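A.B. asks:
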Amino acid sequence: MTAVLLPFHHALGAVSLEVASRSLLRPTQRETTSAFATLPDTAPALPSTAGATILTSARSSNRSDSLVLEGIWKTFGTGRGRAAALEDVDIAVPRGQFVTLIGPSGCGKSTLLRIVAGLAEADRGTVSVFGETVSKAMAAKHIGFVPQSPALLPWRSVLDNVRLPLQVNRKADGAATRNPRDPKEVLESFGLGKVLDRRPAQLSGGMQQRVAIARAFVFDPTILLMDEPFSALDELTREVQRHELVKVWQSNQKTVLFVTHSVAEAVALSDVIVVMSSQPGRIRAVVPVGLPRPRTQFVETTDEFHDVESQVRVELWGAWHGDDET
Amino acid sequence: MATTRPEDDRANGELTGTEVRVLEAPGVDGPIERERRAPRSLHARVWLAPVIAFGLLVLGWQLYALHNPYVIPTVPEVLSQIGDKPGLYAHNFLVTLQEAVVGAGCGMLAAFILAVVMCHVHVLERALMPLAVILNVTPIIAIAPGLVVAFGFGFTPKYIVTGVIVFFPFLINSLIGLRAPEPQALDVFATLHASRWEVLWRLRLPASLPFLFAAARICLPLSVIGAVVAELSAAGQAAGLGALIETAANQADLKTVYASVLSLAVLGIALTVVVVLLQRRMLSWHSAARSR
């Protein structure tokens, strides 16, 4: 009996230790947590369209200070097999915002991300990365990309994997705006300071994915694009990784476009959630996440969190079944 | 019961600091492989079985040879043949080694360069692959005499034969290896705007190394065959273990024939051992990744 419980004991002990240390470091932490606990128990709010108008008014947003996608169309295949992947998608992500794309499979969210990353081309529409075209942004190493699998180089140590972005395309490093970070420090901030010399194969899946995210942070890109980075992990590991990312992001507010299938992940991480519907891929709703920052894993136990989660879920059901059934 | 669990020890000893401990909580992350095991080659379990098998083979040979002196020489006879004329065998050994290594080296280099080009220009792959296939399916033994007529008894026809014989296997393996990187890794390089050269040097080439070594392990012994075939076709003039066999066989000198065969076997083993040692040195990451 005791033996069975021990792992839980251990985990709980570690977590509470962390809370203790955090509250020592940041006196506001405990207040924030308790503020969540006293939030009124509100019923799930109706999907707000206010966020949609703010976020999707791409045409009027400040181009030099946001990631702007305007009227993106994309089809795959030809002739009869032709399928619309994206239809007239407008998104604007202001600097320092964490925006998540969520939607059923085939809604084109990954395609959209690949278009922004320069890995695919839109049939119509423009993408402006802080006033630059995608190809210019790529050439200037402004785009950090975290793929679905960690895609680490197995022959390199963890540290050398994170060094990679600093070693390629060095022409782009002259820009004054760039502030590349020390790979060791980045890895330490991701809790990987002890495994610098390990090979990726010696790490667990969760740690590998964290190395991949560290690799995208290290060269200080203007925007970070993440394509379901935690989808290959088990549920428990996902949760841990999610909060590691929240923590790192909060200390280093990058502009992020994140793709996921997980509602909880979307709510925990984002400032704004873009719900997409499939066939054709369109923006169905834009849900602002009003949860205060800094967030910890305890945010997921608050009522406010569940309200936003329900809101996104309702939109997703609509996206899945069509409006008539919701 | 506050028994200490191994996981706890690890967390306490290796990973201090509360934040890391959360991540390393049991069940969340798998155990970490800490150090390599002792070299396996030292265990009797590993070397005993092949040594016994080899010993039985030698014994069987010896017994057969004692009863059939006109079919094969005995083992001591073969060994003393080499012991009596070490210079002769060493010289011919080195000649054949040179033919095999230089020819195979050039062939493998040419195959790799062509694979790099094919990997980037798909039209060239479609255009040249059928020619490579034709080169591969043509029996090398059939080409060798023609080459001797064209290029004489020197090293050139031998280099051509050994080069041609390794070309195709090395080309195919190089192509597969250069295309081995996962698409996501290529995506990461693409978003960093890495040049083709950077992708080749930092991604495709290292990713292809396991395939190149596997190919080398096939190609080098194959090149020894190529060298011997070329020598047999040009007997009488040039040196080399194959030429030695040809001359000795014409004189029914079985001891020399088998001493040469033994030398060839040693040559093949030596080349394989060099490749394996290099592979272990350069591909430690690969075996570590596979052993999981």
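Same order as they appear, the protein sequences are chains A and P. To convert, count from 1 in the first sequence and add 952; that's the working numbering. To convert, count from 1 in the second sequence and add 17; that's the working numbering. Built from N, CA and C at the ideal position, the CB exists for glycine as well. Keep in mind that this is a model prediction, so the values were computed, not measured.
Return the CA-CA distance between residue 108 of chain P and residue 184 of chain P, expressed in angstroms with no decimal places.
C.D. replies: Along the second sequence, read from residue 1 onward, the residue named residue 108 of chain P stands at position 91. Along the second sequence, read from residue 1 onward, the residue named residue 184 of chain P stands at position 167. Looking at the two C-alpha atoms, the distance is approximately 27 angstroms.
A.B. asks: Can you tell which of P:138, P:206 and P:100 has its C-alpha closest to the C-alpha of residue 1070 of chain A?
C.D. replies: Within the first sequence, residue 1070 of chain A is the residue found at index 118, counting from 1. Out of P:138, P:206 and P:100, P:206 has the C-alpha closest to the C-alpha of residue 1070 of chain A.
A.B. asks: Contact between the region 1046 to 1061 of chain A and the region 1200 to 1213 of chain A: three or more CB pairs below 8 angstroms?
C.D. replies: Touching, yes, given that three or more Cβ pairs across the two stretches are closer than 8 angstroms.
A.B. asks: Is residue 1044 of chain A helix, strand or coil by DSSP?
C.D. replies: Locating residue 1044 of chain A in the first sequence gives position 92, counting from the first residue. In the structure shown, residue 1044 of chain A sits in a strand (DSSP, three-state: E or B).
A.B. asks: For chain A, is any of its Cβ atoms less than 8 angstroms away from the one on residue 44 of chain P?
C.D. replies: In the second sequence, the residue the question calls residue 44 of chain P occupies position 27. Because residue 44 of chain P carries a pLDDT of 39, less than 50, the predicted location of this residue cannot be relied on, and no value is offered for it.
A.B. asks: Evaluate residue 297 of chain P with the Cβ neighbour count: other Cβ atoms within 10 Å of its Cβ, from every protein chain shown; 16 or more gives buried, anything less gives exposed.
C.D. replies: As a first step, residue 297 of chain P must be located in the second sequence, where it is residue number 280. So residue 297 of chain P counts as exposed.
A.B. asks: If you draw a straight line from the alpha carbon of residue 216 of chain P to that of residue 208 of chain P, how long is it in whole angstroms?
C.D. replies: Counting from 1 along the second sequence, the entry for residue 216 of chain P is found at position 199. Counting from 1 along the second sequence, the entry for residue 208 of chain P is found at position 191. Going by the C-alpha atoms only, they are around 12 angstroms apart.
A.B. asks: Let me see if you follow: with CB-CB separation under 8 angstroms, is residue 302 of chain P close to chain A or not?
C.D. replies: Looking up residue 302 of chain P in the second sequence gives position 285. Residue 302 of chain P counts as touching chain A.
A.B. asks: Should residue 85 of chain P go down as buried or exposed, given a rule of 16 or more other Cβ atoms within 10 Å for buried?
C.D. replies: Taking the second sequence and counting its residues from 1, the one referred to as residue 85 of chain P is at position 68. It counts as exposed.
A.B. asks: When you compare each of A:1079, A:1234, A:1235 and A:1219 to residue 1244 of chain A by their alpha carbons, which one comes out closest?
C.D. replies: What you label residue 1244 of chain A is simply residue 292 of the first sequence in a count that begins at 1. Nearest option by C-alpha distance: A:1219.
A.B. asks: Please report the straight-line C-alpha distance between residue 1159 of chain A and residue 1101 of chain A, rounded to a whole angstrom.
C.D. replies: Counted from its first residue, the first sequence places residue 1159 of chain A at position 207. Counted from its first residue, the first sequence places residue 1101 of chain A at position 149. C-alpha separation (whole angstroms): 12 angstroms.
A.B. asks: Examine chain A for any beta-carbon lying closer than 8 angstroms to the beta-carbon of residue 110 of chain P, and answer yes or no.
C.D. replies: Residue 110 of chain P sits at position 93 when you count from the first residue of the second sequence. For residue 110 of chain P, the answer is no, since every Cβ of chain A falls outside 8 angstroms of its Cβ.
A.B. asks: What residues in the region 195 to 209 of chain P have a beta carbon less than 9 angstroms from any beta carbon of chain A?
C.D. replies: Those would be 198, 199, 200, 201, 202, 203, 204, 205, 206, 207, 208 and 209, in chain order.
A.B. asks: Any beta carbon from chain P within less than 8 angstroms of residue 1095 of chain A's own beta carbon?
C.D. replies: Along the first sequence, read from residue 1 onward, the residue named residue 1095 of chain A stands at position 143. Chain P, which has a Cβ nearer than 8 angstroms to the Cβ of residue 1095 of chain A, makes this yes.
A.B. asks: Apply the 10 Å Cβ neighbour rule to residue 1253 of chain A and answer buried if 16 or more other Cβ atoms are within range, or exposed otherwise.
C.D. replies: For the purposes of this step, residue 1253 of chain A is identified with residue 301 of the first sequence, where counting begins at 1. Residue 1253 of chain A should be labelled exposed.
A.B. asks: So is residue 213 of chain P in contact with chain A if we call contact Cβ pairs under 8 angstroms?
C.D. replies: Position 196 of the second sequence, counted from the first residue, corresponds to residue 213 of chain P. With 8 angstroms as the cut-off, residue 213 of chain P does not count as an interface residue toward chain A.
A.B. asks: Alpha carbon to alpha carbon, how far is residue 195 of chain P from residue 1249 of chain A?
C.D. replies: As a position in the second sequence, residue 195 of chain P is number 178, starting the count at 1. As a position in the first sequence, residue 1249 of chain A is number 297, starting the count at 1. Those two C-alpha atoms are separated by around 43 angstroms.
A.B. asks: So, is residue 1121 of chain A buried or exposed, given that buried needs 16 or more other C-beta atoms within 10 angstroms?
C.D. replies: Here the question's residue 1121 of chain A lines up with position 169 in the first sequence. Buried, by the Cβ-count rule.
A.B. asks: Using three-state DSSP, classify residue 1240 of chain A as helix, strand or coil.
C.D. replies: Taking the first residue of the first sequence as position 1, residue 1240 of chain A is located at position 288. The answer is strand: DSSP assigns residue 1240 of chain A an E or B state.
A.B. asks: By DSSP, does residue 1142 of chain A sit in helix, in strand, or in coil?
C.D. replies: Start at 1 with the first residue of the first sequence, and residue 1142 of chain A comes out as number 190. Coil at residue 1142 of chain A, not helix or strand.
A.B. asks: Does chain A have any CB closer than 8 angstroms to the CB of residue 298 of chain P?
C.D. replies: On the second sequence, position 281 is the one that residue 298 of chain P refers to. No, because no Cβ of chain A sits closer than 8 angstroms to the Cβ of residue 298 of chain P.
A.B. asks: Judging by CA-CA distance, which residue of A:1123, A:1154 and A:1200 is the nearest neighbour of residue 1142 of chain A?
C.D. replies: Taking the first sequence and counting its residues from 1, the one referred to as residue 1142 of chain A is at position 190. For residue 1142 of chain A, the nearest C-alpha among the options comes from A:1200.
A.B. asks: For residue 1052 of chain A, which of helix, strand or coil comes out of DSSP?
C.D. replies: Here residue 1052 of chain A corresponds to residue number 100 of the first sequence, with the count starting at 1. Residue 1052 of chain A falls in the strand class under three-state DSSP.
A.B. asks: Can you give me the Cβ contacts of residue 235 of chain P inside the same chain, cut-off strictly under 7 angstroms, excluding the 5 residues immediately before and after it?
C.D. replies: On the second sequence, residue 235 of chain P is found 218 positions in, with the first residue counted as 1. For residue 235 of chain P, where only same-chain residues beyond five positions count, the Cβ hits under 7 angstroms are 186.
A.B. asks: Give the residues of chain A in contact with residue 221 of chain P, contact being defined as C-beta atoms less than 8 angstroms apart.
C.D. replies: By 1-based counting over the second sequence, the position of residue 221 of chain P is 204. Within 8 angstroms Cβ-Cβ: nothing; residue 221 of chain P doesn't reach chain A, min ~11 angstroms.
A.B. asks: Mind checking if residue 1292 of chain A is an interface residue toward chain P, Cβ cutoff 8 angstroms exclusive?
C.D. replies: The structure shown has nothing for residue 1292 of chain A, since chain A only spans 953 to 1278.
A.B. asks: Which bits of chain P does residue 1037 of chain A rub up against, with CB to CB less than 9 angstroms?
C.D. replies: Counting from 1 along the first sequence, the entry for residue 1037 of chain A is found at position 85. Those do not exist, as residue 1037 of chain A stays about 18 angstroms from chain P at its closest Cβ, beyond 9 angstroms.
A.B. asks: Just to make sure I have the definition right: I need the residues of chain P whose C-beta is within less than 9 angstroms of the C-beta of residue 1228 of chain A. Which are they?
C.D. replies: By one-based count along the first sequence, residue 1228 of chain A stands at place 276. Under the 9 angstroms cutoff, chain P gives no residues; its nearest Cβ is about 21 angstroms from residue 1228 of chain A.
A.B. asks: Note down, in chain order, each residue of its chain lying with its Cβ closer than 8 angstroms to the Cβ of residue 1144 of chain A, except the 5 sequence neighbours on either side.
C.D. replies: To locate residue 1144 of chain A, count along the first sequence from 1; it is residue 192. For residue 1144 of chain A, where only same-chain residues beyond five positions count, the Cβ hits under 8 angstroms are 1110, 1159, 1162, 1163 and 1166.
A.B. asks: Between residue 150 of chain P and residue 224 of chain P, what straight-line distance do the alpha-carbon atoms span, to the nearest angstrom?
C.D. replies: Sequence index remark: in the second sequence, residue 150 of chain P carries index 133 (1-based). Sequence index remark: in the second sequence, residue 224 of chain P carries index 207 (1-based). One C-alpha to the other measures close to 25 angstroms.
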